[in-house]
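Engineer: For reference, the structure I am asking about is given below.
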Amino acid sequence: MLHARWGRVERILAVAGGRQELLVQVDGEWRRAVAYPDLVGTAVPGDRVWLNTTAVDLGLGTGGWDLVIAIPGRRPPPGRGEAMKLRYTPLQVRVPAAEEALAPLPAGLAGMPVVAVELHSQLAPVLAGWRWAGGGPAAAYVMTDGGALPAAVSRLVARLRARGWVQRVITAGQAFGGDDEAVHLASALLVARARGAAMAVVGMGPGILGTGEPLGHSGVDQAWALTLAHALGGRPVLVPRLSTADRRPRHRGLSHHTAGVMGVLAVPAWLALPRPLPEAAADALGRLAAAATVLPVEVSTAAAWRWWCREGPETASMGRGAEDDPPLFQAALAAGILAAVLASRPTAPGDG
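Structural data, given as structure tokens:
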């Protein structure tokens, strides 16, 4: 059920990357809220705002922020295009479809590496590994709709853009707000290729949805991303979710999420593994890889890890930074290095 309350904007706390962060007074209580001007218009102090307070009231995700549903008297910019995202919701928004702007799209990916991450926080170390191994600047981020839908939610993407680590952000499916808007993940990968990307990282925005079931989480999209990459002639790379610090036993060592993805994956894919592997993950990975379609590749990450800890952007996963849970980030770093190696090889007939 929707929890909604009226409030009044007292102060603009920050404006960045297509979002406003607001301090709002609600019935004598101070609350923090996020507004997306492209959806609701630009808020100013004194504006009356209608807030979705559901997640904060229930103590769930969104980082303690309410979300602005509407600002009476304010209008969003007119927008462009005729494709609709957030379809059949009160906030459906028009966007220009990149498929139409770039038609005809390439027929395939011509061997382009496609790295599939589960967690949004894995994006930065993948790109770090790619750059460290000489992959260059031509990297695209394809944001899927398994987590946050507005690209503006991600502060990490803003930091990666500022460093020049991301050439282009492509929002696929119901996700919106990227440099390019794609109808579907398959066409989003082709848009990345059309834009000159040498590698694409595919993954949801912040806020994975999960349950206790191995397939009851939105990260299962990893399997779909790898399947499409293979079908389109790309080189699919799976980033496993490894941890030595997660409090939940099902995520320590090899996460049951990754085990679930490997269990349903029906196409060949590279599985990037940092060397040395956490002991808790090594046995599980060995058993799974023997029965799955993945090709495990161990990648030495020691030198790249030192560079990442020194030069990489501040990145955290569920409150844990790189030094708190190294395997989580080292696996993504290994995938970026592997992608750079694959990109340097000529495409062979039938290479996926």
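The opening position of the sequence shown corresponds to residue 2 in the numbering used here, with each subsequent residue numbered one higher. The beta-carbon is built from N, C-alpha and C at its ideal position, and this holds for glycine as well.
#1: Can you tell me the Cα-Cα spacing of G8 and D28, whole angstroms?
#2: Which same chain residues, not among the five before or five after A293, have their C-beta less than 6 angstroms away from its C-beta?
#3: In the DSSP assignment, the alpha helix (DSSP H) including Q26 goes from what residue to what residue?
#4: Tell me which residue opens and which closes the beta strand (DSSP E) that R307 is part of.
#5: Around the C-beta of G197, are 16 or more other C-beta atoms found within 10 angstroms, so that it is buried, or is it exposed?
#6: Between the Cα of V202 and the Cα atoms of V268, A129, G217, which residue gives the shortest distance?
#7: What does the Cβ neighbour count give for E100, buried or exposed, with the cut at 16 atoms within 10 Å?
#8: Compare the C-alpha of P207 against each of H185, D146, P114 and name the closest.
#9: Using C-beta distances below 7 angstroms, list every residue in its chain close to L229, excluding the 5 sequence neighbours before and after it, in chain order.
#10: Going by DSSP in three states, T1 sits in which element: helix, strand or coil?
#11: Considering only the alpha carbon of each residue, which of L103, E83, D39 lies closest to I72?
#12: Among V265, E312, L255, which residue has its Cα nearest to the Cα of D284?
#13: Relative to the alpha-carbon of P327, which residue among L243, W66, Q93, S155 has its alpha-carbon at the smallest distance?
#14: Run through the stretch 117 to 191 for me and flag every whole beta strand (DSSP E) of 3 or more residues, listed as ranges in chain order.
#15: Grouping DSSP H, G and I as helix and E and B as strand, with all else coil, what is G42?
#16: Just checking, does the stretch 126 to 141 make contact with the stretch 14 to 28 on the three C-beta pairs under 8 angstroms criterion?
#17: Per DSSP, W31 forms a beta bridge with which residues?
#18: Tell me which residues share the same chain as Q331 and place their Cβ nearer than 7 angstroms to its Cβ, disregarding the 5 neighbours each side in the sequence.
#19: So, under 8 angstroms CB-CB, G42 and R95 are touching, yes? Tell me the CB distance rounded to an integer number of Å.
#20: Counting Cβ pairs, one atom from each stretch, are 3 or more of them under 8 angstroms apart for the stretch 151 to 159 and the stretch 111 to 129?
#21: Which of the three DSSP states, helix, strand or coil, is assigned to A5?
#22: Measure how close the beta-carbons of P237 and A270 come, nearest whole angstrom, since I'm counting them as under 8 angstroms.
#23: Ends of the beta strand (DSSP E) at W271?
#24: According to DSSP, which residues form a beta bridge with H218?
#25: Do you know offhand how far L68's Cα is from P79's?
#26: Are there 16 or more other CB atoms within 10 angstroms of the CB of G213, so buried, or fewer, so exposed?
#27: Ignore the nearest five residues each way along the sequence and tell me which others in I70's own chain have a CB closer than 6 angstroms to its CB.
#28: In the DSSP assignment, what are the bridge partners of M50?
#29: Output needed for V127: all residues of its chain with C-beta closer than 8 angstroms, excluding positions within five of it in sequence on either side, in chain order.
#30: Taking the beta carbon of H252 as the centre, do at least 16 other beta carbons fall within 10 Å, making it buried, or is it exposed?
#31: Put A224 into one of helix, strand or coil per three-state DSSP.
#32: Note down the Cα distance separating V192 from Y142, rounded to an integer number of angstroms.
#33: Taking the straight line between their C-alpha atoms, what separation do you get for V35 and S345?
#34: Measuring CB to CB, does A44 end up less than 7 angstroms from Q26?
Structural biologist: So, to answer that:
#1: 7 angstroms
#2: M263
#3: Premise fails: Q26 lies in the beta strand (DSSP E), 20 to 27, not in any alpha helix (DSSP H).
#4: Where R307 is concerned, there is no enclosing beta strand (DSSP E), although the alpha helix (DSSP H) it sits in stretches over 303 to 312.
#5: exposed
#6: A129
#7: buried
#8: D146
#9: L186, A187, L190
#10: No answer is possible for residue 1: it lies beyond the span of the chain, which begins at 2 and ends at 353.
#11: D39
#12: L255
#13: L243
#14: 140 to 145, 169 to 173, 181 to 183
#15: coil
#16: no
#17: Q26
#18: P275, T302, W306
#19: At roughly 15 angstroms, the Cβ-Cβ gap does not stay under 8 angstroms, so G42 and R95 are not in contact.
#20: yes
#21: strand
#22: 4 angstroms
#23: 270 to 276
#24: G211
#25: 21 angstroms
#26: exposed
#27: W51, N53
#28: The sequence shown places Val at residue 50, rather than the Met named in the question. In DSSP, V50 forms a bridge with G8.
#29: V116, V118, V202, V240, A333, L334, A336, G337, A340
#30: Caution applies to H252, whose pLDDT of 49 falls short of 50 and renders its modelled position unreliable; the value that the coordinates give is listed next. Counting Cβ neighbours within 10 Å, H252 comes out buried, since at least 16 surround it.
#31: helix
#32: 11 angstroms
#33: 42 angstroms
#34: no
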